[in-house]
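A.B. asks: Here it is, the structure in full.
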Amino acid sequence: MALLNILCYPDPRLYTIARSVAEVTPEIITLIDDMIETMYDSNGIGLAATQVDVHQRIIVIDVSDNRESPIVLINPEIVWAHPDRVKGDEGCLSVPNTYDSIERALEIKVAAMDKTGQTREIHAKELLAVCVQHEMDHLEGKVFVDYLSTLKRNRIKTKMLKLQREQSR
Ligand code: GNR
Ligand code: NI
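The sequence shown: position 84 = 84 (this note's numbering), numbered continuously.
See the structure below:
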């Protein structure tokens, strides 16, 4: 197993649209295992392949308290979304120390392949629903700060670039 490097906003590679996975190969399984390890090591509740610079439609999530129940979603598709939207604070491993309120569908049903290549449907609500929508945005090259005002986003961009400059010195 290996820890993967997480891209930081505003890295342009975060804006890549991920491609569908045709088949769950041993390489994909290794990637998934490394993504799960990286998510736990970073104390995140989710990670999209986009964030580790792999542009394939793969997401890992664990919103459980014990952090030993990872969910793997390959080629996820929202098949139903509750018409109501709710606001909740979000953060992102690619935008450290930045949190803001984002509107998401209250509940969703998502069809996706699991690690064994089987297609399953999950009914997500509360934090899981938020996380799935956040991760699916990453696969579309979208980061949560893209929903904020230009003013807020530019402030975050400046803060992140300054931090990255300091870290590279
Ligand atoms: O760890 C994470 N926490 C989180 C909190 C609220 C809404 C979304 C998230 S996802 C984030 C991990 C991450 O960046 N996934 O892409
Ligand atoms: Ni994120």
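Note that CB positions come from ideal geometry on N, CA and C, so glycine has one too.
1) Ignore the nearest five residues each way along the sequence and tell me which others in Lys115's own chain have a CB closer than 7 Å to its CB.
2) If you draw a straight line from the alpha carbon of Arg155 to that of Gln118, how long is it in whole angstroms?
3) In three-state terms, what does DSSP make of Cys92?
4) Are Ser69 and Lys87 close, meaning C-beta to C-beta below 8 Å?
5) How long is the line joining the alpha carbons of Leu106 and Glu135, rounded to whole angstroms?
6) Determine the direct distance from the alpha carbon of Phe144 to that of Lys157, and round the result to whole angstroms.
7) Quick one: is Arg57 buried, meaning 16 or more other Cβ sit within 10 Å of its Cβ, or exposed?
8) Is Gln133 near ligand 2, going by C-beta to nearest heavy atom under 7 Å?
9) Helix, strand or coil for Asn43, going by three-state DSSP, please let me know.
10) Could you check the C-alpha separation between Leu81 and Lys109 for me, to the nearest Å?
11) Please work out which residues of its chain come closer than 6 Å, Cβ to Cβ, to Leu128, disregarding the five sequence neighbours upstream and downstream, and give them in chain order.
12) In or out: Met1 buried (at least 16 other Cβ within 10 Å) or exposed?
13) Could you tell me which whole alpha helix (DSSP H) segments of length 4 or greater appear in the segment 107-149?
14) Is the closest heavy atom of ligand 2 to the C-beta of Gln51 under 7 Å?
15) If you count every other CB in all the chains shown that lies within 10 Å of the CB of Gln164, and 16 or more means buried, which is it?
C.D. replies: On the basis of the supplied data:
1) One-based indexing of the sequence shown puts residue 115 at position 115. Here Lys115 has Val24, Ile29, Ile32, Val72 as same chain residues with Cβ atoms under 7 Å from its own Cβ, once five neighbours each way along the sequence are excluded.
2) Here residue 155 corresponds to residue number 155 of the sequence shown, with the count starting at 1. Here residue 118 corresponds to residue number 118 of the sequence shown, with the count starting at 1. So the two alpha carbons sit approximately 43 Å from each other.
3) In the sequence shown, residue 92 corresponds to position 92, counting from 1. DSSP, read as helix, strand or coil, puts Cys92 in strand.
4) Stepping through the sequence shown from its first residue, residue 69 is reached at position 69. Stepping through the sequence shown from its first residue, residue 87 is reached at position 87. Using a Cβ distance threshold of 8 Å, Ser69 and Lys87 do not count as a contacting pair.
5) Reading the sequence shown from its first residue, position 106 is the one you call residue 106. Reading the sequence shown from its first residue, position 135 is the one you call residue 135. Answer to the nearest angstrom: the Cα atoms are 15 Å apart.
6) By one-based count along the sequence shown, residue 157 stands at place 157. By one-based count along the sequence shown, residue 144 stands at place 144. C-alpha separation (whole angstroms): 13 Å.
7) Numbered from 1 along the sequence shown, position 57 holds the residue referred to as residue 57. So Arg57 ends up on the buried side.
8) Within the sequence shown, residue 133 is the residue found at index 133, counting from 1. The answer is no for Gln133.
9) Locating residue 43 in the sequence shown gives position 43, where the first residue counts as 1. The three-state secondary structure of Asn43, taken from DSSP, is coil.
10) Along the sequence shown, one-based indexing puts residue 81 at 81. Along the sequence shown, one-based indexing puts residue 109 at 109. The sequence shown places Ala at residue 81, not Leu. Their backbone Cα atoms lie some 6 Å apart in a straight line.
11) Within the sequence shown, the letter at position 128 stands for residue 128. The residues are Val63.
12) As a position in the sequence shown, residue 1 is number 1, starting the count at 1. Exposed, since its Cβ has fewer than 16 Cβ neighbours within 10 Å.
13) Correct list: 126-139.
14) Here the question's residue 51 lines up with position 51 in the sequence shown. Within the cutoff, so yes.
15) Counted from its first residue, the sequence shown places residue 164 at position 164. By the Cβ neighbour-count rule, Gln164 is exposed, with fewer than 16 other Cβ atoms within 10 Å of its own.
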